[in-house]
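In what follows, a structure is listed as structure tokens, so that the remarks can point back to it.
Number of protein chains: 2
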Amino acid sequence: MDYITELTEKGGKAKLAARKLATLSTAVKNQALLAMAAALADNQAVIIAANAKDIAQARENGMAKPLVDRLMLDETRIKAIADGLRQIAALPDPVGESISGWLRPNGLKVTKMRVPLGVIGIIYEARPNVTVDAAGLCLKAGNAVILRGGSEAIHSNTAIASILANAAQAAGVPAGAIQLIETTDRLAVTAMLKLNQYLDVIIPRGGAGLIKTVVENSTVPVIETGTGVCHTFVDAAADLTMAQDIAFNAKVSRPGVCNAMETLLVHEKIAPQFLPAMLERYIQAGVEIRGCTQTMTYHTAVKPATEADWAAEFLDLILAVRVVGSLDMALDHIAAYSTRHSEAIVTCDYDNANRFQQEVDAAAVYVNASTRFTDGFEFGFGAEIGISTQKLHARGPMGLPELTSIKYIVNGNGQIR
Amino acid sequence: MDYITELTEKGGKAKLAARKLATLSTAVKNQALLAMAAALADNQAVIIAANAKDIAQARENGMAKPLVDRLMLDETRIKAIADGLRQIAALPDPVGESISGWLRPNGLKVTKMRVPLGVIGIIYEARPNVTVDAAGLCLKAGNAVILRGGSEAIHSNTAIASILANAAQAAGVPAGAIQLIETTDRLAVTAMLKLNQYLDVIIPRGGAGLIKTVVENSTVPVIETGTGVCHTFVDAAADLTMAQDIAFNAKVSRPGVCNAMETLLVHEKIAPQFLPAMLERYIQAGVEIRGCTQTMTYHTAVKPATEADWAAEFLDLILAVRVVGSLDMALDHIAAYSTRHSEAIVTCDYDNANRFQQEVDAAAVYVNASTRFTDGFEFGFGAEIGISTQKLHARGPMGLPELTSIKYIVNGNGQIR
Chain P
1 MDYITELTEK GGKAKLAARK LATLSTAVKN QALLAMAAAL ADNQAVIIAA
51 NAKDIAQARE NGMAKPLVDR LMLDETRIKA IADGLRQIAA LPDPVGESIS
101 GWLRPNGLKV TKMRVPLGVI GIIYEARPNV TVDAAGLCLK AGNAVILRGG
151 SEAIHSNTAI ASILANAAQA AGVPAGAIQL IETTDRLAVT AMLKLNQYLD
201 VIIPRGGAGL IKTVVENSTV PVIETGTGVC HTFVDAAADL TMAQDIAFNA
251 KVSRPGVCNA METLLVHEKI APQFLPAMLE RYIQAGVEIR GCTQTMTYHT
301 AVKPATEADW AAEFLDLILA VRVVGSLDMA LDHIAAYSTR HSEAIVTCDY
351 DNANRFQQEV DAAAVYVNAS TRFTDGFEFG FGAEIGISTQ KLHARGPMGL
401 PELTSIKYIV NGNGQIR
Chain Z
1 MDYITELTEK GGKAKLAARK LATLSTAVKN QALLAMAAAL ADNQAVIIAA
51 NAKDIAQARE NGMAKPLVDR LMLDETRIKA IADGLRQIAA LPDPVGESIS
101 GWLRPNGLKV TKMRVPLGVI GIIYEARPNV TVDAAGLCLK AGNAVILRGG
151 SEAIHSNTAI ASILANAAQA AGVPAGAIQL IETTDRLAVT AMLKLNQYLD
201 VIIPRGGAGL IKTVVENSTV PVIETGTGVC HTFVDAAADL TMAQDIAFNA
251 KVSRPGVCNA METLLVHEKI APQFLPAMLE RYIQAGVEIR GCTQTMTYHT
301 AVKPATEADW AAEFLDLILA VRVVGSLDMA LDHIAAYSTR HSEAIVTCDY
351 DNANRFQQEV DAAAVYVNAS TRFTDGFEFG FGAEIGISTQ KLHARGPMGL
401 PELTSIKYIV NGNGQIR
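Here it is as structure tokens:
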């Protein structure tokens, strides 16, 4: 089947399914999620066999070891992925919530009600667990989903999507609710980005390159996720022990994720007390430091930072460090280089804390905590489809309510205008 | 100045202004709105003189009379436009609202706070009143705005934007908060649609052609407004007098707007009692009827409807009429042809009313009322920047809260992960 035919057929099926999904009961959706979890366990041999083909192919193509590891599925991982579906089943159903309602002077009763978005396209890279997470979250929020994973995981994804779709359908979910694009032709992505007739939204999940391609080429509305050039500003009035723990955690605990810190800003007043020990701790942990000229005076291992370093999302054990003369300079630096993901100040000064949280424009703005907390689970949402770095529709960690829209239900008794 | 230079300069100024606008007090914003209203009145001679140039040009170019009328400004209209700014000043400020907040088990306090979107681009057609409305609404919600009106109104818009920007600035609003693109080069629109570096969102206001161009070419997130192929379904269990009044109002009261009905669906059981008088009333009012074969049996003046008529937004005294065998057939017709703007059922049957409101996917779904009520003022929002027909971010009439985003304010005391 050519990719245009596949996209059109699956788009049409998804749209039909979405009409039925919109009024599907919470009970049926939850039963389906549990059945999907059970089906993954029951079919783990099939999944592992399919995954083995992807792994063999990846090794043949010389894929880097950490990427091969992210692609790999075993019993433990499949169990964890299935447990994720059970957790989604346990979450409250966002659909049908009356968000607000009021009576107009003419007697019209207006109710703002939460409804599914409709058909969601998810475009992602190698990790096959996204196939399950995205299918589960979209289903719980009443949406049909069209999944387009990376070609590296095509055997795993095809096996998983087929198992999930069959289990869901047997539990009463309409056919077409969960579909995977099976062609690995890259042109299918380009065509999917123009599928306005069938898709209500596209959510890309992956690296900066993928997200850029989607944002620049999609005519379907996009929720941009991901890129995080996050800062921590250690103010003159900081508790230096707390500052060191927060700054260390924000960089080192998991450097490859979007909420990890990329640039540390330090007030010049406390730089002499703070930076030497801080830099030594980083360097002991294997962090490469690229600093401004002042930073370089505090440790011999500091390399000079270039303009590009201030804007870089390293996603690695590399940190840019800059000494600034004031809170205003920190705010200006952040305004210039931040991707508006997560920003933190460490301070004991009430006014500085407030100003920072008021003036910094980012999805999450922290006082005295690590930027690493920007996460759907850490925020208490019980799920996460991604972290939005745009301002439209959703910002920050996206849970189930972010996968919904609204409609106005208006009840009258003959009103005309 | 070439358009690239103009866009880049104004984009940069808007972005700087947006940082300051985000923390501007409600008092200053309201004073500025009142000062802008006063300035329009004080400078009405200047505005009318500029408008006269546009009118002369329009007549020279043979613009249709109703369009010339929409372009025309006089003392009465300027007063009404200025009053609109005073109404915006009287509305509550959406910025700074705590939407929700909670404490995490680790002691982190998370607050979801309403903040401005940032920089909004408005692309619109001939009506110069949009210049004032959009500037006022964006300012109140703390956003910088870049306006791009139609070339037909360039003299009026340039005069108005300059008066508004000066008045706002004198009242304490940062420079760059209100800017108009002054070049009439059409390439400026194309370039504006790619201005991701400066614009957070683009809202097109105008005809289907403009909206299509924006949706298909913008890499900046868009809020799609406008197109309404709205239906009214007269159920078998309808009060026929009420149904006639609602169906007449929905088509005839203002046929040129997006919430006007374009297709009337009638249950076949009541078609013999309902349609002859209804069709006669429409025809007396000058409405051209394009009907299905059954409809044609009820009045000799009915012309045959084509497939294209079911999908048409006539925006005129033309109505498509179809007799359907059941509520399900009505729901299928609406699912196939609706633009998901506003849909109505007239019925006394409780279950049919509920099913219609549950199953129809549209921004506003009515029982026993005219679709003409889909409007920010009629919904009680006190303002309207447009009516969204997409599902992302905003759906239906958009007031001030729809011109905002959120950020998470997170307060800790040393939490690390």
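Chains as they are written, first to last, in full-length UniProt numbering: chain P, 1 to 417; chain Z, 1 to 417. Note that the Cβ used here is the ideal one computed from N, Cα and C, for glycine as well. Fair warning: this is a prediction, and the values are worked out from it, not measured in the lab.
If you follow the beta strand (DSSP E) that residue i is in, where does it begin and where does it stop?
i: Phe356 of chain Z; result: Segment 350-359 is the alpha helix (DSSP H) holding Phe356 of chain Z; no beta strand (DSSP E) there.
i: Val115 of chain Z; result: 109-116
i: Leu119 of chain Z; result: Checking the sequence shown, residue 119 of chain Z turns out to be Val, not Leu. Element bounds for Val119 of chain Z: 119-124.
i: Ala144 of chain P; result: 144-148
i: Ile178 of chain Z; result: 178-180
Determine the chain P residues that contact residue i at a beta-carbon separation under 7 Å, and present them in chain order.
i: Gln390 of chain Z; result: Pro221
i: Glu216 of chain Z; result: Thr219
i: Asp200 of chain Z; result: Lys391
i: Val110 of chain Z; result: Phe379
i: Arg148 of chain Z; result: Going along chain P, no residue has its Cβ under 7 Å from Arg148 of chain Z, so there is no contact; the nearest lies around 19 Å.
Is residue i buried or exposed, if buried means 16 or more other CB atoms sit within 10 Å of its CB?
i: Met278 of chain Z; result: buried
i: Asp316 of chain P; result: exposed
i: Met1 of chain Z; result: exposed
i: Ser370 of chain Z; result: buried
i: Leu377 of chain Z; result: Here residue 377 of chain Z is Phe; the residue named in the question, Leu, does not match the sequence. Exposed, by the Cβ-count rule.
i: Ile411 of chain Z; result: Reading off the sequence shown, one finds Asn at residue 411 of chain Z, where the question assumed Ile. Flag for Asn411 of chain Z reads buried.
i: Pro94 of chain Z; result: buried
i: Pro66 of chain Z; result: exposed
i: Leu103 of chain P; result: exposed
i: Ile4 of chain Z; result: exposed
i: Asn413 of chain P; result: exposed
Can you tell which of the options has the C-alpha that lies nearest to the C-alpha of residue i?
i: Ser156 of chain Z; options: Z:Ile48, Z:Gly382, Z:Val302, Z:Gly12; result: Z:Ile48
i: Ala311 of chain P; options: P:Ser338, P:Met296, P:Val302; result: P:Ser338
i: Met192 of chain Z; options: Z:Gly136, Z:Leu7, Z:Pro128; result: Z:Leu7
i: Glu402 of chain Z; options: Z:Val410, Z:Lys391, Z:Ile409; result: Z:Lys391
i: Pro397 of chain P; options: P:Val214, P:Ile409, P:Ser342, P:Asp351; result: P:Ser342
i: Ile318 of chain Z; options: Z:Ala170, Z:Ile123, Z:Thr297, Z:Ala260; result: Z:Ala260
i: Ala177 of chain Z; options: Z:Asp185, Z:Ala168, Z:Thr184, Z:Thr183; result: Z:Ala168
i: Leu210 of chain P; options: P:Glu75, P:Tyr198, P:Ile223; result: P:Ile223
i: Thr219 of chain P; options: P:Ala22, P:Ile203, P:Ser98; result: P:Ile203
i: Ala82 of chain Z; options: Z:Asp69, Z:Ala35, Z:Ile120, Z:Ala64; result: Z:Ala35
i: Gln197 of chain Z; options: Z:Val287, Z:Lys15, Z:Asp239; result: Z:Lys15
i: Glu359 of chain P; options: P:Asp185, P:His333, P:Phe381; result: P:His333
i: Val321 of chain P; options: P:Asp328, P:Tyr282, P:Tyr350; result: P:Tyr282
i: Asp351 of chain P; options: P:Ala238, P:Thr374, P:Cys258; result: P:Ala238
i: Ser388 of chain Z; options: Z:Ala363, Z:Gly382, Z:Ile409; result: Z:Ala363
i: Ala126 of chain P; options: P:Gly226, P:Val68, P:Val234, P:His299; result: P:Val68
With residue i as the anchor, note down where its alpha helix (DSSP H) starts and where it stops.
i: Leu16 of chain Z; result: 3-21
i: Arg281 of chain P; result: 271-284
i: Leu139 of chain Z; result: 129-140
i: Ile160 of chain P; result: 154-170
i: Leu33 of chain Z; result: 26-42
i: Thr190 of chain P; result: 187-192
Please compile the residues from chain Z whose C-beta is within a distance smaller than 8 Å of the C-beta of residue i.
i: residue 421 of chain P; result: Because chain P here runs from 1 to 417, residue 421 of chain P falls outside it and cannot be looked at.
i: Asp328 of chain P; result: The premise fails here: Asp328 of chain P is roughly 12 Å from chain Z at the closest Cβ pair, so nothing lies under 8 Å.
i: Ala363 of chain P; result: Lys407, Tyr408
i: Ala335 of chain P; result: Arg19
Identify the contact partners of residue i in chain Z, using a Cβ-Cβ distance below 9 Å as the criterion.
i: Asn368 of chain P; result: Asn411, Gly412, Asn413, Gly414, Gln415
i: Ser253 of chain P; result: Ile416, Arg417
i: Leu117 of chain P; result: Lys391, Leu392
Chain P partners of residue i, CB-CB under 9 Å?
i: residue 423 of chain Z; result: This structure cannot speak to residue 423 of chain Z, because chain Z is shown only from 1 to 417.
What does residue i touch in chain Z if you count any residue whose Cβ is under 7 Å from its own?
i: Gly396 of chain P; result: Tyr408
i: Thr23 of chain P; result: Gln358, Glu359
i: Arg104 of chain P; result: Gly380
i: Ile249 of chain P; result: Per the sequence presented here, residue 249 of chain P reads as Asn, with Ile not at that position. Going along chain Z in sequence order, the residues near Asn249 of chain P (Cβ under 7 Å) are Ile416, Arg417.
i: Met242 of chain P; result: Gly414
Check the Cβ of residue i against every Cβ in chain P and list those closer than 8 Å, keeping chain order.
i: Phe314 of chain Z; result: Chain P residues near Phe314 of chain Z: none, gap ~19 Å exceeds 8 Å.
In chain order, which continuous runs of the alpha helix (DSSP H) of length 4 or greater are located wholly inside the region 194-266 of chain Z? 208-217, 240-252
Segments assigned alpha helix (DSSP H), at least 4 residues, entirely inside the region 356-404 of chain Z: none
Mind pulling the alpha helix (DSSP H) runs of 4 or more residues that sit fully within the region 48-107 of chain Z? 65-71, 75-90
Inside the region 287-357 of chain P only - alpha helix (DSSP H) runs reaching at least 4 residues: 293-296, 307-310, 327-337
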